[in-house]
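Notes follow once the structure below has been shown.
Numbering (the working numbering), first residue to last: 1488 to 1604.
Given below as structure tokens:
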């Protein structure tokens, strides 16, 4: 069982669309502008914004799941950025992944606001 890990927002945002991806079970981004403002207001005031829950998988884990359980886990980018990786390439490009199980709305809001996407 994994322990909690402390990480900076800067570090997490830098990994979005690289190691940190969305599994196909996630819904679309639905937060409104006001909710994003409130998230940043909480951050500026030093209030907690809860935790993020990631499912850490290696390429071998994904292959094993596909072979033994017959489930194809698809991964997607948070928002359309201008890099050239297609979603298909994302599903094969890395050796390790962190799939977001909880926190997608907050992470996407941070990514949009801090990266301008």
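Backbone N, C-alpha and C fix where the C-beta goes; we use that ideal spot for every residue, glycine too.
Non-local C-beta neighbours of residue 1549 in its own chain, meaning closer than 7 angstroms and more than five positions away in sequence, comprise 1560, ordered along the chain.
The criterion of a C-beta distance shorter than 7 angstroms is not satisfied by residue 1597 and residue 1562.
Between residue 1498 and residue 1541, the CB-CB gap reaches or exceeds 7 angstroms. With contacts defined as CB atoms closer than 7 angstroms, residue 1565 and residue 1506 fail to qualify as a contacting pair.
For residue 1493, the closest of 1556, 1538, 1501 and 1593 by C-alpha to C-alpha distance is 1538. Distance from the CA atom of residue 1517 to the CA atom of residue 1526, rounded to whole angstroms, is 14 angstroms. According to the DSSP assignment, residue 1495 belongs to no alpha helix (DSSP H), since it is labelled neither H nor E.
Counting along the chain, the unbroken beta strand (DSSP E) around residue 1583 starts and ends at 1583-1589.
Looking only at 1495, 1490, 1501 and 1515, the smallest Cα-Cα distance to residue 1591 is reached by 1515. Boundaries around residue 1541 are those of the beta strand (DSSP E), 1540-1545, since no alpha helix (DSSP H) includes it. Judged by DSSP in its simplified three-state form, residue 1536 adopts coil rather than helix or strand.
Shown here for residue 1530: same chain residues with a beta carbon closer than 7 angstroms to its own, the five before and five after excluded, namely 1536 in chain order.
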